[in-house]
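Structure, as structure tokens:
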Amino acid sequence: MKVVCIIVLFVIVAADVSATNNPDSSKDTEDTNEEKVKLKFPSFILNPKKLALELLDICDKKKPASSTYKSAINDEHVDFKNCTFLCKHGPDVTVTLSMPEKTPCGPKGQTCANKSQCVGHIPGC
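Residue numbers (mature numbering (1 follows the signal peptide of the UniProt record, and there is no 0)): -19 to -1, 1 to 106.
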């Protein structure tokens, strides 16, 4: 009887370890964690995460070499009408930078290449 209990216990532990080492199970956990962050970009931005990472990359490239802080952007301070965004390099260093020309700035395919056509915030959305 003891042998049967030990074998059953071994099978249960082995199955549990196998499930936690499965690459798909950790991927599922990662995907659900990523979905918790909701960016406040207009609906015409089809891939908000991609745009945020692109703006953060621009911000990093403009960071002073002497800065020891990580760069940051705030999705609430992205101006689609003027195609600019705020980039923070530290507690007291904030600069306004231009978005790339290919960035959408309106629901009808407008881009920052022609800022005069940009609409920015759409009322009621």
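In this text, a Cβ means the ideal position worked out from N, Cα and C, and glycines have one as well.
Could you spell out where the beta strand (DSSP E) holding D60 opens and where it closes? Taking the first residue of the sequence shown as position 1, residue 60 is located at position 79. For D60, the enclosing beta strand (DSSP E) stretches over residues A53 to D60.
Hey, C40 and I54 are a contact pair by Cβ (cut 8 angstroms); roughly how many whole angstroms apart? As a first step, residue 40 is located in the sequence shown; it is residue number 59 there, counting from the start. As a first step, residue 54 is located in the sequence shown; it is residue number 73 there, counting from the start. With a Cβ gap of about 6 angstroms, C40 and I54 count as contacting.
Along the beta strand (DSSP E) that carries K69, what are the first and last residues, could you check? In the sequence shown, the residue the question calls residue 69 occupies position 88. Boundaries of the beta strand (DSSP E) harbouring K69: T65 to G71, taken from the DSSP string.
If you reduce the DSSP assignment to three classes, tell me which class P29 lands in. Taking the first residue of the sequence shown as position 1, residue 29 is located at position 48. Of the three classes helix, strand and coil, the one that applies to P29 here is helix, per DSSP.
Pull the bridge partners of V76 from the DSSP assignment, please. As a working note, residue 76 is residue 95 in the sequence shown. Answer is C68.
Output yes or no for whether 8 angstroms exceeds the beta carbon distance between T77 and C64. In the sequence shown, residue 77 corresponds to position 96, counting from 1. In the sequence shown, residue 64 corresponds to position 83, counting from 1. Cβ atoms of T77 and C64: not closer than 8 angstroms.
F66: which of C86, V18 and T49 sits nearest, CA to CA? Position 85 of the sequence shown, counting from 1, holds the residue named residue 66. F66 has its Cα closest to that of C86, out of C86, V18 and T49.
Please name the residue in L32, F61, K30 and T49 whose C-alpha comes closest to that of Q91. Position 110 of the sequence shown, counted from the first residue, corresponds to residue 91. Among L32, F61, K30 and T49, the Cα nearest to that of Q91 is on F61.
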